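Comments concern the structure below.
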Amino acid sequence: MSIKILLVEDDLNINNTVKAFLTEMGYLVDSCIDGDEALEKFYDNQYQLAILDIMLPSANGHELLRAFRKLNNTPILMMTALADDENQIKAFDAEADDYVTKPFKMQILLKRVEALLRRSGALSKDIHFGQLILTPEDYKVVYNGVPLSLTLKEFEILMLFVQNKAKILSHETILTRVWGYDFDGGESTVHTHIKNLRAKLPENIIKTVRGVGYRLEE
Numbered sequence: 101m102s103i104k105i106l107l108v109e110d111d112l113n114i115n116n117t118v119k120a121f122l123t124e125m126g127y128l129v130d131s132c133i134d135g136d137e138a139l140e141k142f143y144d145n146q147y148q149l150a151i152l153d154i155m156l157p158s159a160n161g162h163e164l165l166r167a168f169r170k171l172n173n174t175p176i177l178m179m180t181a182l183a184d185d186e187n188q189i190k191a192f193d194a195e196a197d198d199y200v201t202k203p204f205k206m207q208i209l210l211k212r213v214e215a216l217l218r219r220s221g222a223l224s225k226d227i228h229f230g231q232l233i234l235t236p237e238d239y240k241v242v243y244n245g246v247p248l249s250l251t252l253k254e255f256e257i258l259m260l261f262v263q264n265k266a267k268i269l270s271h272e273t274i275l276t277r278v279w280g281y282d283f284d285g286g287e288s289t290v291h292t293h294i295k296n297l298r299a300k301l302p303e304n305i306i307k308t309v310r311g312v313g314y315r316l317e318e
């Protein structure tokens, strides 16, 4: 599975330069220049990392950070010219994972990106959670040593749970992250896939949070 990065930067020169560099390093990069487009892309795709400027048209970087955190724990790197303590503290309080100030050297940016991806497990071939071992590259899952035969959507749902660990995921979040923002299906789609996924797991580690959604437990 290729690593996909969302880059949000309104300076076209910096945007193009960073995108070209990270693409050359082997990453898939979606880029945009304003907050509204960034929100739409984040809803419609699964990214392993997001890089956010702060001073943006429409929603600014701090607003995007808070919106992204309501959806999942994707690593977020703030990339901005604002080097003051107040903005850095504000970003970390909102659960940013790292903060780099402009100007910066591309190799330093790369090392920060790699560090965040290693920490999240995205650079590892296998992702471990309790008795689960997921291999995103091959869409393979093993639970307590037993290989599981999952459909693509079942794998994507399970991967979404693992990426968010014990966080409660609503039906809407699962629909948006797995099927896309414009999908016309409803909660029954999620119910059906969760039911089928539970049937294939040796133990029920996907718990229902009544009236809210689901949570993965070890």
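Residue numbers for the sequence shown follow our numbering, so the first one is 101 and each next one is one higher.
Glycine included, C-beta positions come from ideal geometry on N, C-alpha and C.
Every value quoted in this text rests on a predicted model; they were computed, and no experiment measured them.
Residue burial classification, residue i (beta-carbon count within 10 angstroms, cutoff 16)
{"i": "E254", "result": "buried"}
{"i": "M179", "result": "buried"}
{"i": "N187", "result": "buried"}
{"i": "S102", "result": "exposed"}
{"i": "H162", "result": "buried"}
{"i": "H291", "result": "exposed"}
{"i": "D64", "result": "Here the chain has residues from 101 to 318 only, and residue 64 is not among them."}
{"i": "P236", "result": "buried"}
{"i": "A299", "result": "exposed"}
{"i": "I208", "result": "exposed"}
{"i": "P175", "result": "buried"}
C-beta atoms of residue i and residue j nearer than 8 Å
{"i": "Q148", "j": "A222", "result": "yes"}
{"i": "L250", "j": "L260", "result": "no"}
{"i": "L177", "j": "L216", "result": "yes"}
{"i": "G280", "j": "D144", "result": "yes"}
{"i": "N69", "j": "E124", "result": "The requested residue 69 does not occur in the structure, where the chain is confined to residues 101 to 318."}
{"i": "L258", "j": "V242", "result": "no"}
{"i": "K265", "j": "L182", "result": "no"}
{"i": "I305", "j": "E287", "result": "no"}
{"i": "N173", "j": "K267", "result": "yes"}
Pick from the options that is closest to residue i, judged by C-alpha positions
{"i": "I105", "options": "D153, I227 and D130", "result": "D130"}
{"i": "Y332", "options": "D134, I151 and E137", "result": "Residue numbering for the chain in the displayed model covers 101 to 318; residue 332 lies beyond these limits and cannot be assessed."}
{"i": "L210", "options": "E109, A120 and K307", "result": "A120"}
{"i": "D111", "options": "I103, D134 and S102", "result": "D134"}
{"i": "E256", "options": "R315, R277, D153 and H162", "result": "R277"}
{"i": "K190", "options": "Q146, K295, L122 and N160", "result": "N160"}
{"i": "D184", "options": "K202, N172 and L139", "result": "K202"}
{"i": "L232", "options": "D198, E303 and R169", "result": "E303"}
{"i": "R169", "options": "T289, T273 and K295", "result": "T273"}
{"i": "V309", "options": "V118, H271, M155 and H293", "result": "H271"}
{"i": "L171", "options": "Q146, M155 and R212", "result": "Q146"}
Contact belief for residue i with residue j at Cβ below 8 Å, rounded distance in angstroms
{"i": "G285", "j": "L297", "result": "Not confirmed; about 16 Å, so no contact."}
{"i": "I227", "j": "V262", "result": "6 Å"}
{"i": "D136", "j": "S158", "result": "4 Å"}
{"i": "R319", "j": "D198", "result": "Residue 319 lies beyond the residue range present for the chain, which begins at 101 and ends at 318; the question has no answer from this structure."}
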